[in-house]
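Protein sequence lines correspond, in order, to chains X and U.
Everything in the first sequence is counted per the numbering used here, starting at 47 for the first residue and increasing by one.
Everything in the second sequence is counted per the numbering used here, starting at 347 for the first residue and increasing by one.
Quick reminder that beta carbons are idealized off the backbone N, C-alpha and C, glycines included.
Treat the numbers as computed from the prediction; the structure is a model and nothing was measured.
Working notes for the structure below.
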Amino acid sequence: MRTLNLRIVRGGPGRPATYQTYQVSVDEHLNILDAVQKVWATQDPTLLFRHACHHASCGLCGVRVNGRERLMCLTPIAEFPEGATVTLEPLRNFPWVGDLVVDVKPLMDRMAAIQAPYVRKDELTAGSEEGTRFEDCIECGLCMSACPVVGSDSAYLGPSPLAMIKRLLEEPRGRDIQSLCALAGDAHGAWRCHSVMECVEVCPSNVDPSQAIGWLRRYLILRGRRQLAGAERR
Amino acid sequence: MDRTLSSLPVSEHVARASWWRRAAAWVDLHGRREGWLAFILMRVTGIGLVFYLFLHLTVLSTLARGRQAWDAFIALARSPLFVAFDAVLIFGMLYHGLNGLRVILLGLGVGSRRQAVLFWGAFVLSIVLTAVAVRMILMMG
Chain X
47 MRTLNLRIVR GGPGRPATYQ TYQVSVDEHL NILDAVQKVW ATQDPTLLFR
97 HACHHASCGL CGVRVNGRER LMCLTPIAEF PEGATVTLEP LRNFPWVGDL
147 VVDVKPLMDR MAAIQAPYVR KDELTAGSEE GTRFEDCIEC GLCMSACPVV
197 GSDSAYLGPS PLAMIKRLLE EPRGRDIQSL CALAGDAHGA WRCHSVMECV
247 EVCPSNVDPS QAIGWLRRYL ILRGRRQLAG AERR
Chain U
347 MDRTLSSLPV SEHVARASWW RRAAAWVDLH GRREGWLAFI LMRVTGIGLV
397 FYLFLHLTVL STLARGRQAW DAFIALARSP LFVAFDAVLI FGMLYHGLNG
447 LRVILLGLGV GSRRQAVLFW GAFVLSIVLT AVAVRMILMM G
């Protein structure tokens, strides 16, 4: 067992943010999410946090652990020494709902504009209305939180939506390439990235949004050159 | 010309935020690592170099005030404090140039997973070359 002091942001819109510290003992082979769940179950049922799968598939438990964007389910207790204070805060750049919960609507709106989810129709079973995404991106929003451009430009598409556009352009399957290129080539698209590179560092799923944005830039340059040469219809 | 698509999703809470709150997103160093440090150093050295450009033109204008004024400046330029300013200037130029190469590569999607190594490479090389340059300045007396 390991005892940690979880210093968690409490509050919400209209309520000032305060830090509340909970002492909790959990098995050192577990993760921070388990510790937060134990706090909720044994000490404070009013604590707000999101979680579902516990294995980095749902992307719901993204918070800032000691300032850094991480999934709580991927943050081992063993990383912290006995008696350590671990500060948990909600993600940046999203509307704050309360405690550790943010509203991820801005990310979902962007994915909808790109026409994600990406569905393999041949994988749909009879009667199912939705397919599964086969992207690495779990849409946890960590990259959107870590990117300072997202926090300063309200229309910037952001790292994960741009990575999604790259993936769709790689394998369009009937998608409207023109509109995808218009989104990526917009003043608030791939060209708005300032290469701060925090998205690459915080991504828990090896998406590498920065590499995708660079790929989009090369794609747009080559496409523009082909258009100028008249080889492709505008 | 505003090339923004009318259909582009907008983060309402960011759009409603005051300019200083949006600007604060750039200097929020909480939990940041090499990428952000490289970004901030790039801006600081860039602003510093623009400031130096005007300072340089002002210093050159002393030539128009005659030989005495210029000689007085040269005497000042040989002081240890001025050499320290030179070192800061040289580091700024080197870092801005070397990190500029890093940003060109990263901006085109090359080496993103090595971005921290590239940053430290540019940073250490800038320090080493600055030390060499300062030594040469001191040797020239």
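Spatially closest choice to Tyr398 of chain U from U:Ile436, U:Ile483, U:Phe469 and U:Leu375, by CA coordinates: U:Ile436
Within-9 Å CB hit, Ser198 of chain X to chain U: yes
C-alpha distance - Gly58 of chain X paired with Leu203 of chain X, whole-angstrom precision: Rounded to whole angstroms, Gly58 of chain X to Leu203 of chain X spans 26 Å at the Cα level.
Interface residues of chain U facing Asp145 of chain X [CB-CB closer than 7 Å]: Simply none; closest approach about 17 Å.
Touch test, the region 451-470 of chain U against the region 253-268 of chain X, Cβ-Cβ under 8 Å, three pairs minimum: yes
Nearest candidate by alpha-carbon position, reference Met210 of chain X, set X:Trp261, X:Asp199 and X:Glu247: X:Trp261
For Trp237 of chain X and Gly392 of chain U, the rounded distance between their alpha carbons: 20 Å
Contact set for Arg379 of chain U: own chain, Cβ-Cβ below 6 Å, skip 5 residues either direction: none
Chain U contacts made by the region 146-159 of chain X, where a contact means CB separation under 7 Å: Pro152, Asp155, Arg156 and Ala159
From X:Gly187, X:Arg116 and X:Gln89, residue whose alpha carbon lies closest to that of Asn77 of chain X: X:Arg116
Distance, Gly453 of chain U Cα to Leu447 of chain U Cα: 10 Å
Pro122 of chain X and Cys186 of chain X closer than 9 Å at C-beta: no
Contact with chain X by Pro355 of chain U, beta-carbon distance below 9 Å: yes
Three-state secondary structure assigned by DSSP to Ile54 of chain X: strand
Segment limits, beta strand (DSSP E) that includes Trp142 of chain X: Trp142 to Gly144
Ser364 of chain U at chain X interface by Cβ criterion, 9 Å: Not closer than 9 Å to any Cβ of chain X, the Cβ of Ser364 of chain U fails to qualify, so no.
Spatial neighbours of Cys104 of chain X in its chain, beta-carbon cut-off 6 Å, leaving aside the 5 residues before and after: Ala98
Buried/exposed call for Tyr68 of chain X, threshold 16 Cβ in 10 Å: buried
Interface residues of the region 435-463 of chain U facing chain X [CB-CB below 7 Å]: Val449, Leu452, Gly453, Leu454, Gly455, Val456, Ser458, Arg459 and Gln461
Distance, Gly455 of chain U Cα to Cys282 of chain X Cα: This structure does not reach residue 282 of chain X, given that chain X is present from 47 up to 280, and the question cannot be answered.
Status (buried if at least 16 other CB within 10 Å, exposed otherwise) for Met486 of chain U: With fewer than 16 Cβ atoms within 10 Å of its Cβ, Met486 of chain U is classed as exposed.
Presumed contact (8 Å Cβ cut-off) between Leu409 of chain U and Trp416 of chain U, rounded CB distance: 6 Å
Closest Cα partner of Val196 of chain X within the set U:Phe419, U:Phe465, U:Ala371 and U:Val429: U:Ala371
Start and end residues, alpha helix (DSSP H) containing Gln257 of chain X: Pro255 to Leu274
CB contact check: Val360 of chain U to chain X, cutoff 9 Å: When Cβ-Cβ separations below 9 Å define contact, Val360 of chain U makes contact with chain X.
CB contact check: Ala418 of chain U to chain X, cutoff 9 Å: no
Closest Cα partner of Leu52 of chain X within the set X:Arg61, X:His101 and X:Pro127: The closest CA to that of Leu52 of chain X, considering only X:Arg61, X:His101 and X:Pro127, is found on X:Pro127.
Opposing strand residues paired with Gly108 of chain X [DSSP bridges]: X:Leu117
Cross-chain neighbours of Gly113 of chain X in chain U, by beta carbon under 7 Å: His376 and Gly377
Buried or exposed (CB count within 10 angstroms, at least 16 for buried), Asn139 of chain X: buried
Rounded C-alpha distance that separates Val470 of chain U from Met190 of chain X: 30 Å
Alpha helix (DSSP H) segment containing Tyr398 of chain U, residue limits: Glu380 to Leu406
C-beta neighbour in chain U for Pro229 of chain X, strict 9 Å: Per the sequence presented here, residue 229 of chain X reads as Leu, with Pro not at that position. So yes, Leu229 of chain X belongs to the interface.
Delimiting residues of the alpha helix (DSSP H) encompassing Ser198 of chain X: Element bounds for Ser198 of chain X: Pro194 to Ser198.
Same chain, Cβ closer than 6 Å to Gly467 of chain U, five either side skipped, listed in chain order: none
Test item: CB-CB of Thr64 of chain X and Val55 of chain X under 9 Å: yes
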